[in-house]
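Residue numbers in the sequence shown follow the numbering used here, run continuously in steps of one, and reach 736 at the last position. We put the beta carbon where it would ideally sit given N, CA and C, even for glycine. Fair warning: this is a prediction, and the values are worked out from it, not measured in the lab. Read the structure below first, then the notes.
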Amino acid sequence: MSVASPEISIEEGRYEELRPKIQRFTWQLAIILGVLALLPSLLAWISQRPGTLYLGSQYALDDHMVYAAWMRQAMEGRFLFDNRFATDPQPGLTIHLYYLGLGWIAQLVSIPVATTLARVGFSVLFVLMLGRLLVEHRVRPYMAMGGLVLACLGGGIGYLMWTPFGRLLPEGHPLAPLSDGRLPIDVWQPEAFVFPSMLANGLFMVSLCLILAVLGCVLRARESWRPVLPGALAMAVLMNIHSYDVLLVTLVLIGFLVASAVAKRVNTAWILRAVVIGAGALPPAFWFLHVLQQDAVFQARAATLTYSPTFRQVLLGVFPLALLAVAALWAMPIEAKRRNLAAGGLGALLFGLYALSGGASDSAYFLNPITFGIVFVLALGLVALVATDDDWMNLVWAWAIVGLVVIYFPALFQRKLAMGLAIPWGLLGAYGLFHLLRGRDSSTRNLAGGLAVVISCLSSILWLQREFLMVRNDVSSTTVHPVVFTQDVRDIVDILNREPAGRRVVLAMPGVPFPQENPAWPFASPYLPDLNAVVSGMTGVYSYAGHWSETPEYDKRRGEATTFFLSRTDDARRQAFVAEKGVTHLIAPDPVAFPEVPLADVTPLGEVVHRGNQFVLIRLEPDAN
């Protein structure tokens, strides 16, 4: 067990009396957040009309359909998955243990219910796991409870610039110069924050649970080999289901090793055990590389550009927490000279990167390999400055400081490396708040502490409000998907699920959003819903233009799919197109239902198997392919 920091931790004997208080609070917070995470979906299910189709999510619905397509394949008895959003030849080698298991559960309760239960369940589990780590390291009750709240609900100042859609501030916004006209990440990047992840994506929550499991096992491995096997298994599953997080964890642990070495807390056995835990990622990593070599569609997917936001967006997205974290330095048992140097170094890192990112593009690398290496070494030096005899604090500081730098690792998937960024900053913010309020009378402490928590957590409240508003206004964050689909769409899904087994390729008209002149809520329910991702996710068919990152050359294929259904395209070109692409079904928007779009009548191309109020499902004749 690490040596306790006097302002942060309490001796074991005294702590036994306080442990139940923290544990009760942890359970209460876990249940409250789990219920809040469930409420928007519950409202959507309760309010939907009979016969309609709700898919269980409001945020990034197209991404959820990617997961649903894997679950659908698991429901069909498959262990190895392929990409149902691409019609190109592919070997079908993908393994995803999380959605494999959820697919088995979905056979009993449906895909939307299975994903919702998992999202809420892992949200509760995350809070309990983080609470356990705080108790294990005897963090003072005030700091532990505050840390749980700020880690789970904390964010930045995005609430001052809030817009419900997109990533750009409206022109003329008074705070636009702070972020070069872009929104802070606490408005739009859920994976960097806990409560937005609870609302948005169960995959994020299970990944955060695995990250905590790995880090906790590394801490416990200092004393024995018992945590090594669970840690290695957690690392293996993490590599399989969300591989980007393995790089994040690895670089954070390098920072932790530096801090431990400076504090003279490293021993050979501990390093060996940590290496064995990390080695758990190797088997799934080798399989990942094998799939990457064999599957051209997977290669195209892996090459999708996902640049990190600018550092201005990042810093503003955690700014209140970072400000409080600076005060945490004065709770550290380090000499004044080193503390002042650490405070200056942390300020230089934050505001130096903030200044350098002025005018930077969010569609290019902020740091190249050389500059990233320099900044990473500087971050490790800062971690070394705050090192103490407290292993837990060394890990939290390493996670916070390295986490800010790793998001600019010069690789295509860098934006995904922001996973859980707010967690260590929330913990440090609570430590700083404790130090600032220590010794003050209870009324002042409660009032100031409550105000600081509210200011730090307002963005999470707006995330919840946005979920309710998306349900009420029937539009998902994509702007081209409603929250609840009509009975027409449900009937098409049911028919496709009853079609004979075999390769089915569906072509549907890409969606048309419904912009409106309302800055507070600029999109209404889509004018023409995009059904490509929906049918791939809920029926397992292949879609020609299904998803922005899963479909190779998506922009080109989306344009081709749009042109196919427009009146300016002749039937001969359509017949040649479906024959070349192997299309077996068309989902055609009815020209009468969408009079503002110049749509053609494509029913002569095949057999009409369903005609609804909005869409027509057409099975193409065999000779058309």
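Distance, residue j Cα to residue i Cα
i           : j           : result
residue 515 : residue 546 : 23 Å
residue 119 : residue 645 : 50 Å
residue 658 : residue 415 : 12 Å
residue 397 : residue 303 : 27 Å
residue 488 : residue 513 : 10 Å
residue 704 : residue 722 : 12 Å
residue 656 : residue 151 : 29 Å
residue 687 : residue 193 : 26 Å
residue 162 : residue 727 : 18 Å
residue 232 : residue 200 : 37 Å
residue 673 : residue 410 : 26 Å
residue 314 : residue 178 : 9 Å
residue 149 : residue 444 : 42 Å
residue 290 : residue 492 : 28 Å
residue 130 : residue 241 : 14 Å
residue 255 : residue 187 : 45 Å
residue 333 : residue 277 : 45 Å
Among the options, nearest to residue i - alpha-carbon criterion
i           : options               : result
residue 169 : 541, 156, 529 and 720 : 156
residue 609 : 635, 720 and 656      : 720
residue 238 : 471, 301, 262 and 600 : 262
residue 620 : 640, 613 and 631      : 640
residue 606 : 510, 729 and 700      : 729
residue 215 : 182, 236, 200 and 245 : 182
residue 682 : 533, 716 and 428      : 716
residue 496 : 471, 476 and 449      : 449
residue 524 : 333, 573 and 419      : 419
residue 228 : 240, 212, 444 and 243 : 212
residue 529 : 299, 434, 272 and 207 : 299
residue 174 : 307, 312 and 273      : 312
residue 133 : 209, 622 and 248      : 248
Residue i classed as buried or exposed, judged by whether at least 16 other C-beta atoms fall within 10 angstroms
i           : result
residue 401 : exposed
residue 320 : buried
residue 555 : exposed
residue 113 : Residue confidence is low: residue 113 scores 46 on pLDDT, short of 50, so the model does not pin down where it sits. No coordinate-derived value is stated.
residue 422 : buried
residue 115 : With a pLDDT of 46 at residue 115, under the threshold of 50, the predicted position of this residue should be treated as unreliable, though the coordinate-derived value follows. Counting Cβ neighbours within 10 Å, residue 115 comes out buried, since at least 16 surround it.
residue 666 : exposed
residue 337 : exposed
residue 531 : buried
residue 527 : buried
residue 288 : exposed
residue 190 : exposed
residue 251 : buried
residue 220 : exposed
residue 146 : exposed
residue 205 : buried
residue 297 : buried
residue 340 : exposed
Contact check, residue i vs residue j, beta carbons under 8 Å
i           : j           : result
residue 741 : residue 505 : The structure shown does not extend to residue 741, since the chain spans only 112 to 736, so no value can be given for it.
residue 700 : residue 676 : yes
residue 266 : residue 571 : yes
residue 601 : residue 172 : no
residue 662 : residue 180 : no
residue 604 : residue 649 : yes
residue 482 : residue 374 : no
residue 310 : residue 575 : yes
residue 387 : residue 352 : no
residue 642 : residue 698 : yes
residue 195 : residue 517 : no
residue 539 : residue 439 : yes
residue 217 : residue 367 : no
residue 86  : residue 432 : Residue 86 lies beyond the stretch modelled for the chain, which goes from 112 to 736, so this question has no answer here.
residue 437 : residue 452 : no
residue 580 : residue 632 : yes
residue 269 : residue 226 : no
Nearest-angstrom beta carbon gap, residue j and residue i [assumed within contact, 8 Å]
i           : j           : result
residue 357 : residue 344 : The Cβ separation is near 13 Å, so there is no contact.
residue 502 : residue 376 : 7 Å
residue 583 : residue 275 : Going by Cβ atoms, the distance from residue 583 to residue 275 rounds to 12 Å, so no, they are not a contact pair.
residue 259 : residue 140 : 6 Å
residue 660 : residue 654 : Wrong, their Cβ atoms sit about 14 Å apart, outside the cutoff.
residue 536 : residue 429 : 5 Å
residue 295 : residue 272 : 7 Å
residue 426 : residue 544 : 19 Å between Cβ atoms; not a contact.
residue 327 : residue 244 : 6 Å
Near the ligand COA: residue i beta-carbon under 7 Å from a heavy atom
i           : result
residue 357 : Questions concerning the ligand COA fall outside what the structure shown contains, since it holds no ligand whatsoever.
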